[in-house]
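Q: Numbering-wise (my numbering), the sequence shown opens with residue 1029 and increments by one. Glycine included, C-beta positions come from ideal geometry on N, C-alpha and C. Because the structure is a prediction, the values reported are computed rather than measured.
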Amino acid sequence: MINRKSRDEIKRMKHAGHIVALVHKAMKENIKAGMSTKDLDDIAMEVIHANKAIPTFLGYNGFPASICTSINENVVHGIPSKNVILKEGDIISVDVGATYGGMVGDSAWTYPVGKIAPEIENLLKFTEESLFAGISKMRAGNVLDDISSAVEAVANREHLGIVRQYGGHGVGHVMHEDPFLYNYSVGDKTLIKSGMVIAIEPMLNLGCDEVIQLPDEWTVQTADKKPSAHFEHTVLATDGEPELMTIIREEFL
Ligand code: MG
Ligand code: MG
1029 MINRKSRDEI KRMKHAGHIV ALVHKAMKEN IKAGMSTKDL DDIAMEVIHA
1079 NKAIPTFLGY NGFPASICTS INENVVHGIP SKNVILKEGD IISVDVGATY
1129 GGMVGDSAWT YPVGKIAPEI ENLLKFTEES LFAGISKMRA GNVLDDISSA
1179 VEAVANREHL GIVRQYGGHG VGHVMHEDPF LYNYSVGDKT LIKSGMVIAI
1229 EPMLNLGCDE VIQLPDEWTV QTADKKPSAH FEHTVLATDG EPELMTIIRE
1279 EFL
């Protein structure tokens, strides 16, 4: 069942989303060659705790860190490590979840480390575009397939692979609520209603669609080892414009 959030739940979700956005701001300001993905996890943990929130990912199905850090051909669910050092020309996808007042915010972004190759720059640009194409369809009266099709259209236009096994999801009291949201059209006619909150999160690849899971049982990697990007916002459907939940808000600063 897809629940619709009350005014009070939405307020707490915006606060959780604000904290997630503060973590991303810190990532953007700090990511550089030479640092480890564990350094990034430490920074994220500090921001989450300083804002009296709980790192949603820590302990989630046993996940050992507060963010997922996935470099280059790693798609999602990479585990921060002091042995994984960022290099010039890498890309790193950082996925962040924070729980505040019992409600969850969830957002991912792929960052360049210094200067990156033009084709990888395009991968980031078009994956972000596909996210916002999906967000634009998160409107009461539309159906889930409108979001999926909008994401897929950008990926197809740019000949990018679409990760099939993972997708967006309802979010609220816990990180993964109904519905599951595909990043390609499957004809899902589930009606979007105001008060529904969905994490929209395309994962697009420079190469093929296929992914594999590494022996650490977490890291998902492209089968052809080509780079992958991941952009995600938590989004509220209203009777008007879609509203981003995972952004910084003056009222919570
Ligand atoms: Mg996420
Ligand atoms: Mg998510």
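Between asparagine 1031 and chain B, is any beta-carbon pair separated by less than 8 Å?
A: Of the protein chains in this structure there is only one, and it is not chain B.
Q: Can you find at least 3 beta carbon pairs, one from the region 1061–1074 and one from the region 1036–1049, that sit closer than 8 Å?
A: As far as the Cβ criterion goes, the region 1061–1074 does not touch the region 1036–1049, which means the pair count is below three.
Q: Please give me, in chain order, every unbroken run of the alpha helix (DSSP H) with length at least 4 that falls completely inside the region 1117–1182.
A: List check, alpha helix (DSSP H) in window: 1146–1163.
Q: Where are the alpha helix (DSSP H) runs, 4 residues long or more, that stay fully inside the region 1245–1280, in chain order?
A: Whole alpha helix (DSSP H) segments, 4+ residues: zero.
Q: For the region 1217–1224 and the region 1236–1248, state whether three or more C-beta atom pairs, one from each stretch, are separated by less than 8 Å.
A: Taking 8 Å as the limit for Cβ pairs, the verdict is that the region 1236–1248 does not touch the region 1217–1224.
Q: Looking at the structure shown, is methionine 1231 part of a helix, part of a strand, or coil, going by DSSP?
A: In the sequence shown, residue 1231 corresponds to position 203, counting from 1. Correct three-state label for methionine 1231: strand.
Q: How long is the line joining the alpha carbons of histidine 989 and glycine 1087, rounded to whole angstroms?
A: This structure cannot settle anything about residue 989, because the visible part of the chain is limited to 1029 through 1281.
Q: Kindly indicate the opening and closing residues of the beta strand (DSSP E) around valine 1191.
A: By 1-based counting over the sequence shown, the position of residue 1191 is 163. First-last for valine 1191: undefined, no H or E at that position.
Q: Measuring CB atoms only, is the region 1207–1221 touching the region 1108–1116, in the sense that at least three cross pairs come out at less than 8 Å?
A: They do not touch, by the three-pair rule.
Q: Going straight from the alpha carbon of lysine 1217 to that of aspartate 1206, what length do you get?
A: Position 189 of the sequence shown, counted from the start, is the residue given in the question as residue 1217. Position 178 of the sequence shown, counted from the start, is the residue given in the question as residue 1206. Using only the alpha carbons, I get a separation of about 14 Å.
Q: Is it buried or exposed for histidine 1187, if we count other Cβ within 10 angstroms and need 16 for buried?
A: For the purposes of this step, residue 1187 is taken as residue 159 along the sequence shown, with counting starting at 1. When all chains shown are included, histidine 1187 counts as exposed.
Q: Give the straight-line distance between the Cα atoms of serine 1135 and valine 1051, rounded to the nearest whole angstrom.
A: Reading the sequence shown from its first residue, position 107 is the one you call residue 1135. Reading the sequence shown from its first residue, position 23 is the one you call residue 1051. So the two alpha carbons sit approximately 10 Å from each other.
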